[in-house]
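So the structure is just underneath, and the comments pick up after that.
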Amino acid sequence: SYLSLVRPDIPVSTREAFALIKPHYPEFNCKEVVQLPVEEWRGKLTNDFEDSVFAVHPELGAVKDRLYQLGATYAAMSGSGSTLFALSKQPLNLDEFAQEGTFITTISMMVMNYKLQTTTTPHPTPTLPTQGILSSLRK
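In the working numbering, the protein residues as written are 16 to 154.
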């Protein structure tokens with residue numbers, strides 16, 4: 016799997032983004048959506064900032080659309096700013112963004128699944144030799 020980041024040179028004021036956001040209860044439960052395959056996230060896992068930010072900066076919405084056209088399995092704004100991310104099975108060809116002077120990067124991800132195990136039996140707290148570790152770091 017691959018994670019691509021695209022940060023167009025379009026400043027988005029954090030103050031403006033928070034002033035325009037219209038938070039609402041999502042149609043789908045986020046905890047449940049992220050348990051689904053990534054291919055099913057589109058349209059279910061949303062960033063509330065996108066509606067208001069894309070209205071002011073439609074070119075950011077166009078970047079998101081383009082990431083899907085290039086083969087993204089899922090794409091979204093990373094927060095309230097102009098950086099967008101895309102998850103994909105293959106590296107995306109982001110050359111067109113680089114030609115515009117946009118910051119881009121692609122990271123190969125090794126996805127690991129951990130099974131959460133719960134128990135009602137108390138376990139002793141492990142002790143670690145942190146004093147030795149900390150003192151060796153100070154040297």
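Where a beta carbon is used, it is the ideal one built from N, C-alpha and C, also for glycine.
- Query: DSSP beta-bridge partners for A91?
  - Reply: F100
- Item | L99 and L82 closer than 9 Å at C-beta | yes
- Cutoff 8 Å; reference H39; Cβ partners in own chain excluding five residues on either side: D63
- Item | Reduced DSSP secondary structure (H/G/I, E/B, other) of L35 | Here L35 carries a helix assignment [DSSP, helix/strand/coil].
- Item | Candidates A101, Q114, P73 and Q105, of which the one nearest W56 by Cα | Answer by Cα proximity: A101.
- Message: Only counting the same chain, and skipping five residues up and downstream in sequence, which positions put a Cβ closer than 8 Å to that of G94?
- Response: N62 and F64
- Could you tell me the distance, in whole angstroms, from the CA atom of Q50 to the CA atom of L60? 11 Å
- Using DSSP with H/G/I as helix, E/B as strand and the rest coil, what is F112? helix
- Task: Rounded to whole angstroms, what's the CA-CA distance from V14 to T88? Just pull it up for me.
- Result: Shown here, the chain extends from 16 to 154; a query on residue 14 therefore has no answer.
- Item | Contact set for T29: own chain, Cβ-Cβ below 8 Å, skip 5 residues either direction | S95 and G96
- CA-CA distance, I148 and K46? Below a pLDDT of 50, predicted positions are generally treated as unreliable, and I148, at 36, falls in that range; the measurement from the model is reported next regardless. Their backbone Cα atoms lie some 37 Å apart in a straight line.
- Message: Considering only their Cβ atoms, is the gap separating K79 from A90 smaller than 9 Å?
- Response: Yes, the Cβ-Cβ distance between A90 and K79 is below 9 Å.
- Applying the criterion that 16 or more other CB atoms from any shown protein chain within 10 Å of the CB defines a buried residue, is S16 buried or exposed? exposed
- Can you tell me whether DSSP reads T29 as helix, strand or coil? Here T29 carries a helix assignment [DSSP, helix/strand/coil].
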